[in-house]
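Novice:
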Amino acid sequence: MSTRMRIMKRHCIRLPLHLPGEIVHDILSRLPIQTLSKCKLVCKDWYNLIKDTSFVKLHHSRINQDDPSLFMLHAIGGEGVLRFSQLYMLHDNSLGTTCVKSKKFIRIAGSSNGLMCVSILPHQKLFYICNPMTGEILKLPEATAPGHGNDLLFKHQITSTGFAFDAQSETYKVVRTWYFCDKGGIHTGIEIYTVGSGIWRSIEEEDIPWFFCYGYTQTVFVNGALHWRIHLRNSEFEVCIGAIDIGDEKLIAFGQPPRDRKTKRTTLSSLRDCLCVNYVYEDHTVVWVMKQYGVASSWAREHVIREEMLGPLQGVPFKTLAFKVLNNGKLLVYSTEYQGYYDLRKKEFKQILIDGVHSSLRSLVIVAHSGSLISPSSIAGTGEEDNFHLRRLPELPG
């Protein structure tokens, strides 16, 4: 046993003699997750306390949701061959702990209430709920492929995946959308999996009032609903924003902000708990915010970020950069070679120099995640318990 561990154990014995239990409980519930991981090793009493469900909930309620950790998902390849993809936690602008590793491409479906959901590409039938802070993963039952006849003209495409926590029922849900085309027209589908239920459910096609945009579109969770870009039926393919309430699973749609033909890219995000749309142009990007949820006329043009405002990234072609608005008021700006963020309130740009990025990077995604001590095993249902794993480096099978 190391000297440091012996000292910690000595203090563990003495501390309760000097501080009431409720004060120790309160102090621990305010510590960062990485610190608590070490505290679990101090003594059995602390280990049991930190693993207790009520303590986990208290600790999660005290986490600053406006200061999330950043995770970087990247794929390594060479000469056109994918080697592996990994999810890292960024720590002090360096690649920190490797949280998840896969021999295939993985995509982050979403982050919600302390847990993260990832899927395996290209078919996205395999989903995993993971806690990247603790290394725990839970494999979900495989999603079903949409049925179609022999007159298929265009094979089914997964258009979006989403993950969200329903606070009312205290359940997590995974949403998967797709479409395919046959001689009968375009067919659209939405599948929902409530973690713990063991069953994927489908929304009837006649109840879906839109088509999904061609290609993959990311989802954003705001105001209790998952949102993505869609085409309304019978409207000459007008592009709008569709949403599914994660509680009652009802579908709604509303217009997006005005845009012109010079728009190169469109992304959805949330800013201070409001839905926002980010339009990327040749040399600037515009952030629109929906002031009154669900009211298309309430869109406001809040921020314009031009090339000269990006400091060291000036001169980097906008088409090579990804922009992601974070709920805490920062705009992530990144590519496989450059990373940084622009503070929308302070109007300041800060470059992030990430040490350890592989030279054979094929793709890179940076996501914000508010960590927790919540274990995926605590939300597993009948038949799902056998799919729970706790490993130092969880590797997702293909």
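Numbers given in our numbering equal positions in the sequence shown, counted from 1, plus 32. Glycine included, every Cβ here is placed at the ideal spot set by N, Cα and C. These figures come from a predicted structure and were not determined experimentally.
How should Glu168 be labelled, buried or exposed, when 16 other C-beta atoms within 10 angstroms of its C-beta is the threshold for buried?
Specialist: Glu168 is buried by the Cβ-count criterion.
Novice: Can you tell me which of Gly347, Phe286 and Lys378 puts its alpha carbon nearest to the alpha carbon of Trp331?
Specialist: Closest by alpha carbon: Phe286.
Novice: Assuming Thr68 contacts Leu405 (C-beta within less than 8 Å), just tell me the rounded distance between them.
Specialist: Thr is not the amino acid found at residue 68; the sequence shown has Leu there. The pair is a contact, with the Cβ atoms about 7 Å apart (cut-off 8 Å).
Novice: Look at the Cβ atom of Leu264, then the Cβ atom of Ala196, and state whether they are nearer than 7 Å.
Specialist: Result no, Cβ atoms of Leu264 and Ala196 do not sit closer than 7 Å.
Novice: Return the CA-CA distance between Arg333 and Asp58, expressed in angstroms with no decimal places.
Specialist: Arg333 and Asp58: Cα-Cα distance of roughly 43 Å.
Novice: List the endpoints of the continuous alpha helix (DSSP H) containing Asn359.
Specialist: Where Asn359 is concerned, there is no enclosing alpha helix (DSSP H), given that its DSSP letter is neither H nor E.
Novice: Is it buried or exposed for Ser261, if we count other Cβ within 10 angstroms and need 16 for buried?
Specialist: According to the sequence shown, residue 261 is Arg rather than Ser. Buried, by the Cβ-count rule.
Novice: Thinking C-beta only, is Ile411 closer than 7 Å to Tyr204?
Specialist: Yes.
Novice: Kindly list the residues whose CB is nearer than 7 Å to the CB of Ile240, restricted to its own chain and excluding five residues on each side of it in sequence; keep chain order.
Specialist: Cβ within range, chain order: Thr220, Ile222 and Leu283.
Novice: In or out: Gly110 buried (at least 16 other Cβ within 10 Å) or exposed?
Specialist: Confidence is the limiting factor: at Gly110 the pLDDT is only 47, short of 50, which leaves the residue's position unreliable and the question unanswerable from this model.
Novice: What residue does the beta strand (DSSP E) around Gln383 start on, and which one ends it?
Specialist: Run containing Gln383: Glu380 to Gln383, per the beta strand (DSSP E) assignment.
Novice: Going by Cα to Cα distance, which pick from Pro290, Arg297, Gly361 and Ile276 is closest to Ser329?
Specialist: Checked all of Pro290, Arg297, Gly361 and Ile276; the closest Cα to Ser329 is Pro290.
Novice: Would you kindly check if the distance between the Cβ of Tyr370 and the Cβ of Leu364 is under 7 Å?
Specialist: Not closer than 7 Å, so no.
Novice: Quick test of your reading: Met165 and Gly361, contact by CB under 8 Å. State the CB separation rounded to the nearest angstrom.
Specialist: So it is not a contact: roughly 23 Å between Cβ atoms.
Novice: Indicate the three-state DSSP secondary structure (helix, strand or coil) for Arg115 in the structure shown.
Specialist: Confidence in Arg115 is poor, its pLDDT being 48 and thus under 50, which makes the residue's placement unreliable; the coordinate value appears in the next sentence. Three-state result, Arg115: strand.
Novice: Is it the case that the Cβ atoms of Val319 and Cys308 are separated by a distance below 7 Å?
Specialist: Yes, Cβ-Cβ distance for Val319 and Cys308 is below 7 Å.
Novice: Cα-Cα, which of Glu174, Thr209 and Tyr211 is closest to Val227?
Specialist: The option with the nearest alpha carbon to Val227 is Glu174.
Novice: Using CA atoms only, rank isn't needed, just tell me which of Lys72, Leu358, Asn310 and Ile384 is closest to Pro100.
Specialist: It is Leu358.
Novice: Taking C-alpha atoms, which residue in Ser302, His316, Ser301 and Asp305 lies nearest to Thr295?
Specialist: With distances taken between Cα atoms, Thr295 lies closest to His316.
Novice: Would Thr209 and Phe244 qualify as a contact pair, given that the criterion is a beta-carbon distance under 7 Å?
Specialist: In contact: Thr209 and Phe244 (Cβ atoms closer than 7 Å).
Novice: Under DSSP, the alpha helix (DSSP H) around Tyr79 begins and ends at which residues?
Specialist: Segment Lys76 to Lys83, the alpha helix (DSSP H) holding Tyr79.
Novice: Which full runs of the beta strand (DSSP E) of 3+ residues lie inside the segment 189–242, going along the chain?
Specialist: Those beta strand (DSSP E) runs which fall completely within the segment 189–242 and span 3+ residues are 203–214, 217–226 and 232–235.
Novice: Would you mind stating whether His335 and Leu376 have Cβ atoms separated by less than 7 Å?
Specialist: Yes, the pair counts as a contact, with Cβ atoms nearer than the cut-off.
Novice: Could you have a look at Phe137 and say whether DSSP puts it in helix, strand or coil?
Specialist: Looking at Phe137 - three-state DSSP - the assignment turns out to be coil, as it is neither helix nor strand.
Novice: Does the beta-carbon of Gly217 have 16 or more other beta-carbons within 10 angstroms, so that it is buried, or is it exposed?
Specialist: Exposed, since its Cβ has fewer than 16 Cβ neighbours within 10 Å.
Novice: Is Asp58 helix, strand or coil when you go by DSSP?
Specialist: Asp58: helix per DSSP, three-state reduction.
Novice: Can you give the Cα-Cα distance for Gly142 and Arg233, rounded to whole angstroms?
Specialist: Answer to the nearest angstrom: the Cα atoms are 19 Å apart.
Novice: Relative to the C-alpha of Ser229, which residue among Leu172, His92 and Tyr311 is closest?
Specialist: Ranking Leu172, His92 and Tyr311 by Cα distance to Ser229 puts Leu172 first.
Novice: Which parts of the segment 240–323 are runs of the beta strand (DSSP E), unbroken and 3 residues or longer, counting only runs that do not cross its ends?
Specialist: Within the segment 240–323, the complete beta strand (DSSP E) runs of at least 3 residues are 242–244, 252–254, 257–264, 271–277, 283–286, 297–303, 306–312 and 316–322.
Novice: Anyone know if the C-beta pair for Pro344 and Gln383 falls short of 7 Å?
Specialist: Result yes, Cβ atoms of Pro344 and Gln383 sit closer than 7 Å.
Novice: Measure the beta-carbon distance from Asp198 to Ile278 and round it to whole angstroms, keeping in mind my assumption that it falls under 8 Å.
Specialist: The pair is a contact, with the Cβ atoms about 5 Å apart (cut-off 8 Å).
Novice: Between Met322 and Phe381, how many whole angstroms is the CB-CB distance? I'm expecting something under 8 Å.
Specialist: Contact doesn't hold; Cβ gap of about 25 Å is too wide.
Novice: Taking the beta carbon of Tyr160 as the centre, do at least 16 other beta carbons fall within 10 Å, making it buried, or is it exposed?
Specialist: When all chains shown are included, Tyr160 counts as buried.
Novice: Please identify the residue among Ser367, Gln346 and Gly347 whose C-alpha is closest to the C-alpha of Leu353.
Specialist: When each option's Cα is compared against that of Leu353, the closest is Ser367.
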